[in-house]
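Structure, as structure tokens:
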């Protein structure tokens with residue numbers, strides 16, 4: 230009788246553990262941005278900011294405007310697949 | 005890694021109004037990492053500061069292309085702005101004629117190290133190195149890595165399990181590495197070494213998730229990648245070898 234109760238208890242614990250693991254998102258603490266939202270944001274960045282692809286040209290503009298340069302090395306294209 | 009976070013304020017306005025912006029595609033660079041390919045309409049994920057260092061580097065430079073600071077990997081928009089403001093202070097030092105080159109370099113080093121203490125607790129919390137990157141460092145570079153706190157490293161032996169809190173946060177690591185690279189031109193900046201920590205692959209399988217956030221393993225194994233994917237390279241080499249062998253066989257048949 231005692232071992233049967235233990236089996237039920239163990240079974241319940243395992244079931245709860247499995248349920249918890251199954252429901253937990255795979256990227257706890259990191260927010261998933263849905264594709265349609267990401268698309269709008271990428272378009273805003275790609276079109277709302279002037280992106281240079283030639284560093285020399287960017288330097289000329291920065292010197293004449295007395296601004297610093299933000300330069301990104303990235304895998305992919307600003308307005309395309311990454 | 006994607007530009008989604010740059011659309012968020014305060015980063016967007018600062019980039020748009022206060023800086024000259026530019027980018028280059030590093031997909032074909034031998035030192036670049038790789039990840040799952042994300043089309044424009046694909047999902048994205050806001051991750052931790054410094055995640056994906058081989059795939060993305062953000063430089064803040066003086067107008068002549070001198071590197072003031074460089075952020076490896078993803079950075080939260082508010083932390084990016086904090087570092088842009090810090091770079092503006094370095095730019096003031098760089099452009100001030102009252103300082104000579106040696107004094108400027110000294111100030112560069114001390115300002116980078118001192119700025120670590122100016123980071124907010126929240127920024128530091130957003131800068132925990134990804135666990136898979138920590139694992140890569142402890143498994144492959146335990147003796148040589150600068151990502152583990154020296155005080156802890158001295159107490160640990162090879163092959164021991166390095167606790168997560170033994171690793172420096174990426175906001176500290178970035179400034180420590182920058183302090184060793186005072187006022188270098190972009191062309192002279194050793195980006196591959198500077199941004200080298202963790203594994204070359206950064207992937208959160210954003211497009212292979214269901215609405216609950218769970219990864220579909222079948223879809224994950226079939227997805228396309230972008231960057232320097234070693235399995236793609238091996239596949240391409242096998243294909244070239246097969247074509248060459250086929251050509252050779254055909255040539256031999258004609259020769260008979």
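Protein chains in written order, with my numbering: chain A, 230 to 311; chain B, 5 to 260. Glycine is no exception: its CB is placed at the ideal position from the N, C-alpha and C atoms. Bear in mind that the values here come from a model prediction, so they are computed numbers and not experimental data.
Going by DSSP in three states, residue i sits in which element: helix, strand or coil?
i, result
"residue 57 of chain B", "coil"
"residue 30 of chain B", "coil"
"residue 232 of chain B", "coil"
"residue 156 of chain B", "helix"
"residue 40 of chain B", "strand"
"residue 307 of chain A", "coil"
"residue 166 of chain B", "coil"
"residue 243 of chain B", "helix"
Just how far apart, CA to CA, sit residue i and residue j?
i, j, result
"residue 114 of chain B", "residue 133 of chain B", "24 Å"
"residue 219 of chain B", "residue 251 of chain B", "42 Å"
"residue 108 of chain B", "residue 102 of chain B", "10 Å"
"residue 192 of chain B", "residue 198 of chain B", "12 Å"
"residue 250 of chain A", "residue 51 of chain B", "Legend: pLDDT at residue 250 of chain A = 34, less than 50; position of this residue unreliable, no value from coordinates given."
"residue 202 of chain B", "residue 181 of chain B", "15 Å"
"residue 152 of chain B", "residue 256 of chain B", "58 Å"
Return the residue from the list the options that minimises the CA-CA distance to residue i.
i, options, result
"residue 9 of chain B", "B:84, B:257 and B:172", "B:84"
"residue 33 of chain B", "B:194, B:111 and B:239", "B:194"
"residue 236 of chain B", "B:180, B:259, B:205 and B:28", "B:205"
"residue 302 of chain A", "B:80, B:82 and B:58", "B:58"
"residue 207 of chain B", "B:49, B:258 and B:240", "B:49"
"residue 65 of chain B", "B:241, B:246 and B:186", "B:186"
Could one say the Cβ of residue i lies closer than 8 Å to chain C's Cβ atoms, at least one of them?
i, result
"residue 282 of chain A", "Given the protein chain composition of this structure (A and B), no chain C is represented."
How about residue i and residue j: are their beta carbons less than 8 Å apart?
i, j, result
"residue 190 of chain B", "residue 299 of chain A", "no"
"residue 267 of chain A", "residue 222 of chain B", "no"
"residue 7 of chain B", "residue 307 of chain A", "yes"
"residue 304 of chain A", "residue 31 of chain B", "yes"
"residue 262 of chain A", "residue 11 of chain B", "no"
"residue 77 of chain B", "residue 106 of chain B", "no"
"residue 123 of chain B", "residue 183 of chain B", "no"
"residue 60 of chain B", "residue 278 of chain A", "no"
Any chance the stretch 231 to 239 of chain B sits against the stretch 31 to 40 of chain B, with 3 or more Cβ pairs inside 8 Å?
-> Counting C-beta pairs closer than 8 Å gives three or more between the stretch 231 to 239 of chain B and the stretch 31 to 40 of chain B, which meets the contact rule.
The stretch 70 to 77 of chain B touching the stretch 87 to 106 of chain B, judged by at least three CB pairs closer than 8 Å = Enough Cβ pairs lie closer than 8 Å, so yes.
For the stretch 167 to 182 of chain B and the stretch 113 to 129 of chain B, state whether three or more C-beta atom pairs, one from each stretch, are separated by less than 8 Å.
-> Touching, per the Cβ criterion.
Per the contact definition of three or more C-beta pairs closer than 8 Å, is the stretch 284 to 293 of chain A in contact with the stretch 18 to 27 of chain B?
-> Three or more Cβ pairs closer than 8 Å define a contact, and the stretch 18 to 27 of chain B meets that threshold against the stretch 284 to 293 of chain A.
Could you say if the stretch 135 to 151 of chain B and the stretch 159 to 172 of chain B meet the contact criterion of at least three C-beta pairs nearer than 8 Å?
-> As far as the Cβ criterion goes, the stretch 135 to 151 of chain B touches the stretch 159 to 172 of chain B, which means the pair count is three or higher.
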